[in-house]
Amino acid sequence: MEGSAMTTALFTHSDCLEHETPEGHSERADRLRAIWKALEDPAFDALDRREAPLAERSELLRVHPEAHVAAIEAAIPAEGYVSLDADTHVMAGSLVAALRAVGAVVSAVDAVMAGEVKNAFCAIRPPGHHAERVTPMGFCLFGNVSIGAKRALDHYGLERVAIIDFDVHHGNGTQDLLWDEPRILFCSTHQMPLYPGTGEPRETGAHDNIINAPLPPMSDGAAFRKIMEEQILPALDDFQPELVLISAGFDAHKDDPLAQLNFDVEDFVWVTEKICDIADKHAGGRVVSTLEGGYDLESLAASTAAHVKVLMERGA
Amino acid sequence: MNDTPVEKMSFEQAMAELEQVVQKLENGQVALEESIQLYERGDALRKRCEAKLQAAEEKVAAITTDAAGNPTGTKAFDAQ
């Protein structure tokens, strides 16, 4: 099937393990190992597995000023950890991991836009959706998914790109980076109240280009599906995106230790199918999904595998 | 954070700390990894406030439901 668009690509890199976090930290390399192990199953043999390249600096500058990139570079210690905030720590391997993470998303957009593959999943860390223009936070250094969206607009000349973020935490970084970008519709579901405290419905972007749909603690998959069907899916359909990106955090799963939503694997399957429906209708099926959170290894691996399986079924 | 165990707090103590917790969560003044513990603390405080309110309501009900509408004192009840 090589060279055919009838497949799903998996972008990842072993350098993403080299961003080590302090003992006991939730955002740990074992998350990625658990996902890789799940994707070793023969059910995933048809994946087009690709190594994520290091992102060019110019890609980071699509959403961050030079000063932010320089500050992250300068913060990286030769040994030990440096804490950028209470959650976000960098060490020697962090920059390369972060550049692989961005590189994965950029390359996934390229592969999908070139028609090499129908859709793609980026198994990456550190995650990106909390990183603001000049503020690394919440385990995130660079705005991975936003950079991919901007590349699709500015390099490929697309006019409408959608991002759906179903991570349990609000994608404050994505919102900050794309607040004034009318060519992108950013839709986020998340628990509220919870970190980072943003994501009220009244936060709609400079061009009504942001939809925040918070869920109260203990909400289950039925509440998630309702809010998707009533608010987000109709808005996506109206927007008619030419490419759909996903900030795929799996920490709304009921077993996740950092939040209190009660989704199960089937809810992630459901939303992936619904997003693929939108992409099939308006975007030629083009979907690029990127890993964000998910901190219970078992449910993270199972949810990610189920999500990728849907992408494969829809990409076939 | 108040050192008094939540289950021994007065309504005023619990409510004051609950307001602080809500403000911190809303202002994003708390780390991602601690956010959930803070929420759980808030939930415990909320339950304490509700329990104290319910106890007060029962006390009022005990007064007002006395015979012939005349308040004649309070009935004993279980809530502390």
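As they're listed, the protein sequences go chains A and B. Sequence positions in the first sequence follow UniProt numbering and run 1 to 316. Sequence positions in the second sequence follow UniProt numbering and run 1 to 80. Cβ atoms here follow ideal geometry from the backbone N, Cα and C, with glycine treated the same way. Fair warning: this is a prediction, and the values are worked out from it, not measured in the lab.
Just checking: is the beta-carbon of residue i within a distance shorter than 8 Å of some beta-carbon in chain A?
i               : result
Ala16 (chain B) : no
Ile63 (chain B) : no
Arg46 (chain B) : no
Val6 (chain B)  : no
Ser10 (chain B) : no
Kindly list, in the order they appear in chain A, the residues whose Cβ is closer than 8 Å to that of residue i.
i               : result
Glu26 (chain B) : Pro193 and Gly197
Glu33 (chain B) : His25, Ser26, Ala86, Asp87 and Leu258
Helix, strand or coil for residue i, going by three-state DSSP, please let me know.
i                : result
Phe139 (chain A) : coil
Leu291 (chain A) : strand
Val112 (chain A) : helix
His170 (chain A) : coil
Asn144 (chain A) : helix
Asp85 (chain A)  : coil
Val271 (chain A) : helix
Tyr39 (chain B)  : helix
Thr304 (chain A) : helix
Val63 (chain A)  : coil
Gln13 (chain B)  : helix
His282 (chain A) : helix
Val134 (chain A) : coil
Leu54 (chain A)  : coil
Ser26 (chain A)  : coil
Pro42 (chain A)  : helix
Gly157 (chain A) : coil
Pro241 (chain A) : coil
His68 (chain A)  : helix
Pro77 (chain A)  : coil
Measuring only from the beta carbon, is residue i closer than 7 Å to any heavy atom that is part of the ligand GDP?
i               : result
His13 (chain A) : This structure simply doesn't include the ligand GDP, nor any ligand for that matter.
Looking only at DSSP bridge pairs, what is residue i linked to?
i                : result
Ala9 (chain A)   : A:Asp48 and A:Ala120
Cys187 (chain A) : A:Ile164 and A:Ile211
Ile246 (chain A) : A:Ile164 and A:Ser289
His253 (chain A) : A:Phe263
Asp220 (chain A) : A:Asn262
Val90 (chain A)  : A:Val82
Please compile the residues from chain B whose C-beta is within a distance smaller than 8 Å of the C-beta of residue i.
i                : result
Ala213 (chain A) : Neighbours of Ala213 (chain A) on chain B: none; closest Cβ ~18 Å, over 8 Å.
Gly138 (chain A) : Leu32
Looking at chain B, is there any beta carbon in it that lies within less than 8 Å of the beta carbon of residue i?
i                : result
Leu177 (chain A) : no
His13 (chain A)  : no
His190 (chain A) : no
His169 (chain A) : yes
In chain A, what lies closer than 7 Å to residue i by C-beta?
i               : result
Val30 (chain B) : Tyr195
In whole angstroms, give me the CA-to-CA distance for residue i and residue j.
i                : j                : result
Gly233 (chain A) : Ala279 (chain A) : This sequence places Leu at residue 233 (chain A); Gly is not what is there. Whole-angstrom Cα-Cα distance: 11 Å.
Glu56 (chain A)  : Ala283 (chain A) : 27 Å
Arg160 (chain A) : Asp237 (chain A) : 12 Å
Val69 (chain A)  : Val96 (chain A)  : 13 Å
Leu297 (chain A) : Ala38 (chain A)  : 11 Å
Phe11 (chain B)  : Pro257 (chain A) : 30 Å
Asp165 (chain A) : Arg225 (chain A) : 14 Å
Phe186 (chain A) : Leu178 (chain A) : 8 Å
Arg28 (chain A)  : Ile124 (chain A) : 11 Å
Val30 (chain B)  : Thr198 (chain A) : 12 Å
Glu40 (chain A)  : Leu25 (chain B)  : 40 Å
Gly173 (chain A) : Ala162 (chain A) : 16 Å
Gly148 (chain A) : Val117 (chain A) : 16 Å
Leu215 (chain A) : Gly24 (chain A)  : 28 Å
His130 (chain A) : Ala86 (chain A)  : 14 Å
Thr88 (chain A)  : Asn144 (chain A) : 16 Å
Ser4 (chain A)   : Ile210 (chain A) : Unreliable positioning characterises Ser4 (chain A) in this predicted model, as indicated by a pLDDT of 46, which lies under 50. The coordinate reading is nonetheless provided below. If I take the Cα positions, the gap works out to 34 Å.
Arg100 (chain A) : Leu60 (chain A)  : 12 Å
Ser107 (chain A) : Val168 (chain A) : 26 Å
Pro193 (chain A) : Ala223 (chain A) : 16 Å
Arg133 (chain A) : Pro201 (chain A) : 22 Å
Glu66 (chain A)  : Ala55 (chain B)  : 59 Å
Ala52 (chain A)  : Leu45 (chain B)  : 47 Å
Glu58 (chain B)  : Ile184 (chain A) : 55 Å
Arg41 (chain B)  : Ser58 (chain A)  : 44 Å
Asp264 (chain A) : Gln37 (chain B)  : 22 Å
Ser247 (chain A) : Val6 (chain B)   : 38 Å
Could you name the residues of chain B that residue i contacts, counting a contact when the two beta carbons are closer than 9 Å?
i                : result
His68 (chain A)  : Per Cβ cutoff of 9 Å: no residues; His68 (chain A) is ~19 Å from chain B at best.
Pro217 (chain A) : Tyr39 and Asp43
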